[in-house]
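Engineer:
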Amino acid sequence: MNSTIRVTLFFTLLSLFVVACQRPDFQATDGKAINLKDNSGRWLIINVWAEWCGPCRAEVPELNALSSAGDIRVVGHDFDGVQGQPLLNKVKKMGINFPIIAENPLPLLSSGSPKALPATYIINDEGKLVDTLYGSQTNEGLSLHVKKLQQKTKSHG
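What the sequence shown shows, in mature numbering (1 follows the signal peptide of the UniProt record, and there is no 0), is residues -20 to -1, 1 to 137, in sequence order.
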């Protein structure tokens, strides 16, 4: 094997190794990696909820619909910090169909505890927190709000 092929092979393998070693920001309860930054350009909504919160339960179908549409990534986090099987039981009981992360995402967003529940954190495709909403949200309302934020970002970028 000549030296050019060896060098090319070495750097190809090295780049694959580096990519494989990158740790995701979070891991969902279904085992999928969740990163704040998204190379495909999709924004992320992190919804902090609690089972005992009426408005949180009321917005679940809206967030399910938003997640199913696929234009915006939706991830949830239980405010009470429940993990393991008890968390999976809560998710099933509430009818949540979007990914759930057990690890508290707020420190990574440089955000303290939410002022109210539900709390919805909007993260752009670069992984930056751009807005926080409190109270129950709708699929349509969140979609429109994210589109406005995206347009604002494009006009200032």
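Heads up, the beta-carbon is just placed ideally off N, CA and C, and yes, glycines get one too.
On a CA-only basis, which of ASN19, ILE52, GLY34, LEU86 is nearest LEU129? Give me that one, please.
Structural biologist: Residue mapping note: residue 129 aligns to position 149 of the sequence shown, counting from 1. Nearest of ASN19, ILE52, GLY34, LEU86 to LEU129, Cα basis: ILE52.
Engineer: Along the chain, which unbroken stretches of the alpha helix (DSSP H) at least 4 residues long are found entirely within the segment 22 to 70?
Structural biologist: Taking only runs of at least 4 residues, the alpha helix (DSSP H) segments lying wholly in the segment 22 to 70 are 34 to 49.
Engineer: What is the DSSP secondary structure of GLU120, counted as helix, strand or coil?
Structural biologist: As a first step, residue 120 is located in the sequence shown; it is residue number 140 there, counting from the start. Here GLU120 sits in helix by DSSP.
Engineer: Using DSSP with H/G/I as helix, E/B as strand and the rest coil, what is ILE(-16)?
Structural biologist: As a first step, residue -16 must be located in the sequence shown, where it is residue number 5. Helix, per DSSP.
Engineer: Can you tell me whether DSSP reads LEU89 as helix, strand or coil?
Structural biologist: For this step, residue 89 is matched to residue 109 along the sequence shown. In the structure shown, LEU89 sits in a helix (DSSP, three-state: H, G or I).
Engineer: Give every residue of the same chain whose Cβ lies closer than 7 Å to the Cβ of ALA13, excluding the five residues on either side of it in the sequence, and list them in chain order.
Structural biologist: Residue 13 sits at position 33 when you count from the first residue of the sequence shown. Contacts found: PRO4, GLN7.
Engineer: If you draw a straight line from the alpha carbon of SER48 to that of GLY107, how long is it in whole angstroms?
Structural biologist: As a position in the sequence shown, residue 48 is number 68, starting the count at 1. As a position in the sequence shown, residue 107 is number 127, starting the count at 1. Taking the straight line from one Cα to the other gives about 21 Å.
Engineer: Please confirm whether ASP58 has its beta-carbon closer than 8 Å to some beta-carbon of chain B.
Structural biologist: Going by chain labels, chain B is absent from the structure shown, which holds only one protein chain.
Engineer: Can you give me the Cβ contacts of ILE103 inside the same chain, cut-off strictly under 6 Å, excluding the 5 residues immediately before and after it?
Structural biologist: Sequence index remark: in the sequence shown, residue 103 carries index 123 (1-based). Excluding sequence neighbours, ILE103 sits near LEU16, LEU24, LEU109.
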